[in-house]
């Protein structure tokens, strides 16, 4: 089946010059595609018309088509505008004063009375650059329309939304990302704001709208890990369990207390007040412990 696209100016009301304007490019497309577009159909109409017909994976076909179309447009522009190009080779250069585009060198346009190297050639002439912009816009919107979202079935990553990958035949975020409702984004680190635990990196939980370690863990610079018990090696007290302190690189009870198998306790009756701080110095937990 063949799809025919007539290379035209952006507006059919503008007069066209040269062979390019009447050139019809035939391109092979996927099955179930049947369309023949006229010169007076604009980009939005092209997109709307084609989307109703496309039901299959077309990435590979579109890449081939784009390459062929670009080559054919350039070839036709070269042959149909040879005389015009030669006459403009002696035209004015960038930023020289001008009154019309005809005075400028090829690829330059006259804007605001000065020669301008515009992305699009403006004015009353039909040209390849406008046609390429039409095709590029059409192909990009076509591809995005057919990309699959989170948890939709897939056979390869190219079928999925740009930030998703095809894992076990379903479009998924990578293990280091989470889905924000529109796309995958990197999971958040310690003390970054959050609304749910799935937004935080592994081992972190969302507590009071911030990614934090649980009260029984501490942050080692990479992830949360369990606080160490008696005689566990340490570099700071925050690595040790409650009631222990880091002394000589080991988690120990203070000299006036003893380990009862679960925590440090004093030899006489009394109380001990424990405060737990975050990395930023905020208080996250306080405990009042009764000594026996």
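In the UniProt record's numbering, the protein residues as written are 1 to 292. We put the beta carbon where it would ideally sit given N, CA and C, even for glycine.
Item                                                                                                                                                                          : Value
Beta strand (DSSP E) containing residue 211: first to last residue?                                                                                                           : 210-212
Hey, quick one: how far does the beta strand (DSSP E) through residue 258 stretch, first residue to last?                                                                     : 257-259
State the beta-bridge partners of residue 182 as determined by DSSP.                                                                                                          : DSSP lists no partner for residue 182.
By Cβ distance below 8 Å, which residues in the same chain neighbour residue 162 in space, the five residues on each side in sequence not counted?                            : 147, 183
At the level of alpha carbons, what is the spacing between residue 248 and residue 230?                                                                                       : 13 Å
For residue 216, count neighbouring C-beta atoms within 10 Å of its own C-beta (all shown protein chains included) and say buried if the count is 16 or more, exposed if not. : exposed
Are there 16 or more other CB atoms within 10 angstroms of the CB of residue 169, so buried, or fewer, so exposed?                                                            : exposed
Alpha carbon to alpha carbon, what distance is there between residue 214 and residue 257?                                                                                     : 26 Å
Consult DSSP for residue 167 and reduce its assignment to one of helix, strand or coil.                                                                                       : strand
Less than 8 Å separating the beta-carbons of residue 264 and residue 246?                                                                                                     : no
Could you tell me whether the stretch 206-213 touches the stretch 229-243, where touching means 3 or more Cβ pairs closer than 8 Å?                                           : no
Note down, in chain order, each residue of its chain lying with its Cβ closer than 7 Å to the Cβ of residue 227, except the 5 sequence neighbours on either side.             : 216, 217, 218, 239, 240, 241
Return the Cβ separation of residue 299 and residue 171 in integer angstroms, given the expectation that the two are a contact with Cβ distance under 8 Å.                    : With the chain covering only 1 through 292, there is no way to say anything about residue 299.
Taking the alpha-carbon positions, what's the residue 178 to residue 153 distance?                                                                                            : 18 Å
Is it buried or exposed, residue 101, if we count other Cβ atoms within 10 angstroms and call 16 or more buried?                                                              : buried
Compute the Euclidean distance between the alpha carbons of residue 259 and residue 250, then round it to the nearest angstrom.                                               : 14 Å
Specify the secondary structure class of residue 243 as computed by DSSP and reduced to three states.                                                                         : coil
Where does residue 205 fall in DSSP's three states?                                                                                                                           : strand
Given that a residue counts as buried once 16 or more other Cβ atoms are within 10 Å of its Cβ, and exposed if not, what is residue 198?                                      : exposed
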